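Below: the structure, in structure tokens.
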Amino acid sequence: MSSSTNTSSSTNSKAEAKTGSSATAKKKTSSSSYGCRPMRLRVVMTGGEKTGKSCIIKRYCEKRFVDKYVPTIGIDYGATRIYVDKKEISVHIFDTSGSNLFRDVRNEFYRDAHGILLVFDVTNRRSFDELSGYIKDVAIELAKDGRTMDNTVVLVCGNKSDLKEIRMIDETEAKLWAELRGFDYAETSALNGDGIADLFRSFFTLVLKSTESSRKTPVAMRKSVSKAPSQHRHSLPIKPSPSPDQLIVIDRLKSSIDPWCQMGLDRSTPYSPEEINKTYRKTCSNAPP
């Protein structure tokens, strides 16, 4: 009788210990999973038309170069996951159009950005001269959120560095321009991939350090952001078939030669910024990734 009681007591103790151990393990797992949730960073690429912003993102996210120029309509989007100092970071990259047609749309994205990547074409003097205008727009939008350029990471990128024969802005001039304004500078070639990995590694490291030191996360970043598969832009497990309306938009985007035609607008008509933005959003809603 005594032996049976001891056995039962021992069994109960083991069960309790196992249950307690399981609960502890479950708690640790839950805590670990929460603690391992990657930080989200929102960065914006901006700069003039045909400077290669979209090509830089494709080279980085998809490891490929697209030689056919297709103007960005308003905003394009890319996402990837990276590791900086052994920390997993979910990066959301917003590629803005360099067209003045989309200036209002472009400016909306500056306010909640953790970092700005400012791109120009080293073979195009105008694209370099326009940088000051972009910086001014960024400063104005940040001020609306109580922020300044001093606590915002800006990295200047001179793209198309492979075109040495027709280069118009040398590295010394561009680097000096950036340093005088407190910005870092880097050069890339989306064509052959030179400097692309180093550019984003440096940029994301600067953004992460700035974000951690300020401990200020923009309001928009606390909202849920659709998860995108690592290292791919606009990729989904299964691509749905386009609707009739989407097919019309797709055909128009492929056959049009400028943003006006892509949105179905008449260039000779004096549209208001509100009308342009409304048409842009409608076009985007019918344009599948």
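Residue numbers (the numbering used here): 128 to 416.
Ideal Cβ placement from N, Cα and C applies to all residues, glycine included.
Bear in mind the structure is a predicted one, so any value in this text is a computation, not a measurement.
Taking 8 Å as the threshold, find out whether the segment 306-313 comes into contact with the segment 323-335 through three or more Cβ pairs. yes
* **Extent of the continuous beta strand (DSSP E) to which E292 belongs** => Segment: none, E292 is in no beta strand (DSSP E) and carries neither H nor E.
### Message
Please give me, in chain order, every unbroken run of the alpha helix (DSSP H) with length at least 4 that falls completely inside the segment 205-233.
### Response
none
### Message
Could you pull the DSSP bridge partners for M276 from this structure?
### Response
Its beta-bridge partners do not exist; DSSP assigns none.
Contact check, Y237 vs V171, beta carbons under 8 Å:
yes
C-alpha gap between P165 and L326, whole angstroms: 21 Å
Practice problem: Could you give the DSSP three-state label for L318: helix, strand or coil? | Solution: coil
8 Å Cβ cutoff met for A81 and G205:
Limits of the chain in this structure are 128 at one end and 416 at the other, which puts residue 81 out of reach.
Helix, strand or coil at D297 [DSSP, three-state]:
coil
What number of angstroms, rounded off, separates the C-alpha of D272 from the C-alpha of E300? 32 Å
Rounded C-beta distance between V265 and R294? I'm assuming under 8 Å.
-> That belief does not hold up - the Cβ atoms of V265 and R294 are roughly 26 Å apart, past 8 Å.
Determine the direct distance from the alpha carbon of L282 to that of T406, and round the result to whole angstroms. 32 Å
**OP:** Compare the beta carbon distance of V280 and S337 with 8 Å and say whether it is the shorter of the two.
**Re:** yes
task: Compare the C-alpha of E306 against each of C284, D289, A324 and name the closest.
output: C284
Review point. Just the Cα atoms here: how many angstroms apart are T207 and H219?
Key: 7 Å
- In angstroms, rounded to a whole number, what distance separates the CA positions of K185 and T396? 34 Å
So for D264, helix, strand or coil by DSSP? helix
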